[in-house]
Amino acid sequence: MNATPTVSVLMPVYNGAAYLRAAMQSILNQSFCDFEFVVLDDGSTDGSLRILQEYARLDGRVRLLSRENRGLTYSLNQLIATARGEFMARMDADDIAMPERLARQVEFLRTHPGVLCVGGAFQIIDEAGRYLTTLYPPASNEQIQNHLIHGRCAISHPAAMARLQPIRELGGYQGDFAEDLDLWLRLGEKGELANLPEAVLRYRLHCASVSERVGHRQRDAALVACQAAWQRRGIRDGTFEGASAWRPESKATRYAFMLQYGWWAWNSRERATAQLYGLRALRARPLGVEGWKLLLVSLLKPLDAPVPQPSP
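Be aware that the sequence shown starts at 1137, since it is given in this note's numbering, and climbs by one per residue.
Here's what the structure looks like:
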């Protein structure tokens, strides 16, 4: 490994053992090889540290840090301080990077010197790795900035690669729960932002994820980040359009999200997965008409007949 690698892949880990091996392998198997993989165990209690120690022994690109729990924002800033690369690539312990992710993002930043951060499209998978859909965020700087200033985080945090020096000059991450939106807003005031049109990540939805547990606090923090950006940019009448937590947080809302996931799967031609989420929707609301509709469509309708998805 070079003393000054092109990319520092930064991954904080807190009790991520369930999906950690898949995340680690997806980075170590990248087609682009000039990187260091800086991983920080934030006081895990579930065996994550043992898994990380195993990988650190086997692969010299893994630089392992470990300490007591101090939270995500503190961990991210410690990783930034430790990184030696020109670019930093974010990664989460429950996601899977596409094999060409680093190569494509490095190439893009090399050929677009005015861009400070690039994300990309991303596939949505569930806790078992079942494919649901692919989401395509806006690609141009103008579109991304318009989304961000209204509270819509148009760059997926674990899919992002950014130039490290500007982030250090900005003081790294600030605040909690919407630290990515806040950073993209501040970074967008220094340069351009972009997204690749192809999927660079498989983003996992599961009940133990941070956004599942603190979704409402994330939305409140996003509003604060937007208000600060409006003040910096001289926007007097800013409008906040941040979405409600988009993972099921309670039994009352779980039904709508099971429907969303099921229709995603159906329109991705994943019949068995659509059937599974139809059943899960009915467990949450046995008499729900839309749940029965999803289940019957997934059982009986030809796959080449898309059905409009209801909004959660």
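Yeah, the Cβ is synthetic: ideal placement off N, Cα and C, and Gly gets one too.
Bear in mind that the values here come from a model prediction, so they are computed numbers and not experimental data.
Count the other CB atoms within 10 Å of the CB of residue i; is the residue buried (16 or more) or exposed (fewer)?
i     : result
G1307 : exposed
R1372 : exposed
S1447 : Low confidence applies to S1447: its pLDDT is 42, below 50, so where it sits in the model is not reliable, and the reading given next is rough at best. Under this definition S1447 is an exposed residue.
A1139 : exposed
L1317 : buried
D1440 : exposed
C1343 : exposed
F1276 : For the record, residue 1276 in the displayed sequence is Ser; it is not Phe. The residue is exposed, with fewer than 16 neighbouring Cβ atoms inside 10 Å.
S1167 : exposed
R1193 : exposed
On the three-state DSSP scale, how would you describe residue i?
i     : result
A1219 : coil
T1375 : coil
M1227 : coil
P1446 : Here P1446 scores only 47 on pLDDT, less than 50, and its place in the model is too uncertain to base an answer on.
A1139 : coil
Y1150 : coil
R1157 : helix
L1341 : coil
D1356 : helix
R1197 : coil
Q1166 : coil
What are the residues that DSSP puts in a beta bridge with residue i?
i     : result
S1202 : D1177
F1171 : V1143
I1232 : R1338
V1251 : E1328
- Message: Give the list of continuous alpha helix (DSSP H) stretches no shorter than 4 residues that lie fully inside the stretch 1253-1335.
- Response: For the stretch 1253-1335, whole alpha helix (DSSP H) runs of length 4 or above, ordered along the chain, are 1277-1285, 1300-1305 and 1315-1323.
- Does the stretch 1156-1172 come within contact of the stretch 1232-1239, defined as at least 3 CB pairs closer than 8 Å? Yes, since at least three Cβ pairs between the stretch 1156-1172 and the stretch 1232-1239 fall closer than 8 Å, the two stretches touch.
- Message: Between the stretch 1204-1220 and the stretch 1270-1290, can you find at least three pairs of beta-carbon atoms closer than 8 Å?
- Response: Short answer: they don't touch.
- Report yes or no: do the stretch 1327-1337 and the stretch 1254-1272 share at least 3 C-beta pairs separated by less than 8 Å? Touching, yes, given that three or more Cβ pairs across the two stretches are closer than 8 Å.
- Item | Secondary structure, alpha helix (DSSP H): runs of 4+ residues fully inside the stretch 1390-1442 | Entirely contained in the stretch 1390-1442, the alpha helix (DSSP H) runs reaching 4 residues are, in chain order, 1407-1420 and 1425-1436.
- So, do the stretch 1399-1413 and the stretch 1297-1315 have three or more beta carbon pairs nearer to each other than 8 Å? In the pairwise beta carbon analysis, the stretch 1399-1413 is classified as not touching the stretch 1297-1315: fewer than three pairs are separated by under 8 Å.
- Query: Would the stretch 1352-1362 and the stretch 1317-1328 be scored as touching if the rule is three or more Cβ pairs under 8 Å?
  - Reply: In short, these stretches touch, since the Cβ pair count reaches three.
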